[in-house]
Amino acid sequence: MKKRGSSRYFVFYIFITLFIFLIFWGVKSLIGNLSFFEIEEIEIVGNVNLETDFLQSFVRDLSGKNLFKISKKEILKKYENIVRLKDIKVYRIIPVKLKLKIIERIGVFYLKTSEGELFPIDEDQIVLDNDSFYLSEILPIIETGIAKKDLFIGMKIDHENIKKVFEFWKEIKSFDENFIHKISEFYIDDEELMMIEANMGYKIIFGEEDIENKLKRFTFLEQNRGFEKGDIIDLRFSNSLIIRTEEK
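Using the working numbering, you'd call the opening residue of the sequence shown number 1 and step up by one each time.
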């Protein structure tokens, strides 16, 4: 008896599930064919460097299509060749508005090739196009020695110099988000990460440990003593800060 009762409940469950699915499918099909939901407005938000008109040009052909027949996959397909576009959030605003929130890849450093050409890279170490240099991308340079022929737009770059800079950046920004903007260039000298200060041009060596306390010592002296071009600020030692003059 228990077995027969269980079978009845199972059949009933299947029937209800199928019934709900058919209702959902029917409603979706009905909505998908109503002219009431044809797109009249497409709004682009969230873009930083990519121009709105440029982004609009890829989706203008969606106007007049049913709001609920447009998938995120279809929209992403239209932008697949734009490396700077990381993701899109799609909002359907009933009855006739499609809103696209753009998530861009923003440059955080410039990669410098062996030929001296600069390419922005984002926080994921993705190489971005350098056809246009944007005002928001006044960035520190990482000397790499990589040949331009070994780069392509959209690749994730794997290089020891970049790895060291990113490790330093991720650590120091937890203490001072703006410190990185004081630096114009990073390079490696005798396996040490060297940085050049953006305004005066003096050099800084932090080493690899106790970054927070080293930053405090550096900031105190910067504010109360000041440094000048030709100075090398050596913070590698735990309890001292050494200032020496660069050899000419």
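All C-beta atoms in this analysis are idealised placements derived from N, C-alpha and C, irrespective of residue type, glycine included.
Burial state of residue i (16 or more Cβ within 10 Å)
i: R60; result: exposed
i: R244; result: exposed
i: V27; result: The predicted position of V27 is uncertain, since its pLDDT is 49 and thus under 50; no value can be drawn from it.
i: Y91; result: exposed
i: R225; result: exposed
i: N161; result: buried
i: L98; result: buried
i: K2; result: Any reading at K2 needs caution, since the residue's pLDDT is 46, under 50, leaving its predicted position unreliable; the model's value is listed next. Classification for K2: exposed.
i: K214; result: buried
i: I257; result: In this structure the chain extends from 1 to 248, so residue 257 is not present and cannot be described.
Beta-ladder partner(s) of residue i, from DSSP
i: M194; result: Y187 and I205
i: D87; result: I103
i: D231; result: T245
i: T144; result: Answer by DSSP bridge pairing: none, since T144 is not bridged.
i: V45; result: K101
i: N161; result: According to DSSP, which records beta bridges pairwise, N161 is partnered with nothing at all.
i: N81; result: The partner list for N81 (beta bridge, DSSP) is empty, contrary to what the question assumes.
i: N66; result: E38
i: I126; result: K156
i: R60; result: According to DSSP, R60 bridges with nothing at all.
Residue from the options with nearest C-alpha to residue i
i: N178; options: K163, A198, E192 and L193; result: A198
i: E43; options: F166, I102 and E74; result: I102
i: L151; options: V48, L128 and K173; result: L128
i: L241; options: F220, G64, E247 and K112; result: F220
i: Q125; options: V165, I94 and S136; result: V165
i: D158; options: E123, S132 and D176; result: E123
i: R105; options: K97, S136 and L98; result: S136
i: I88; options: F218, K214 and K73; result: K73
i: V48; options: Y134, S71 and E208; result: Y134
i: L62; options: I188, L100 and E246; result: L100
i: N81; options: I172, G154, E246 and Y13; result: G154
i: K86; options: L50, I94 and S71; result: L50
Boundaries of the alpha helix (DSSP H) in which residue i is found, first to last residue
i: F220; result: I211 to N224
i: D53; result: T52 to S57
i: K182; result: Note, K182: premise wrong, no alpha helix (DSSP H); not H, not E.
i: E74; result: K72 to K78
Neighbourhood of residue i by C-beta distance below 7 Å, restricted to the same chain and skipping five residues each side
i: F58; result: K78 and Y79
i: G107; result: P120, I121, D122, L128, E137 and L139
i: H181; result: none
i: S238; result: D210
i: L76; result: I88
Close beta carbons around residue i, own chain, < 6 Å, minus the five adjacent residues each side
i: M195; result: I183, F186 and I204
i: L111; result: F119, I121, I142 and T144
i: F109; result: I121, L139, P140 and I142
i: S114; result: G145 and A147
i: K156; result: Q125 and I126
i: I41; result: A quick correction: the sequence has Glu, not Ile, at residue 41. Closer than 6 Å at Cβ, skipping near neighbours: K97.
Heavy atom of the ligand FAD within 7 Å of residue i beta-carbon
i: D124; result: Questions concerning the ligand FAD fall outside what the structure shown contains, since it holds no ligand whatsoever.
Residue interval of the beta strand (DSSP E) (run including residue i)
i: L118; result: L118 to I121
i: K112; result: F109 to T113
Close Cβ partners of residue i (< 8 Å) along its chain, the five nearest in sequence each way excluded
i: F227; result: E197, M200, Y202, L221, I233 and I243
i: R217; result: L235 and L241
i: T52; result: I44
i: N130; result: E117, L118, F119 and P120
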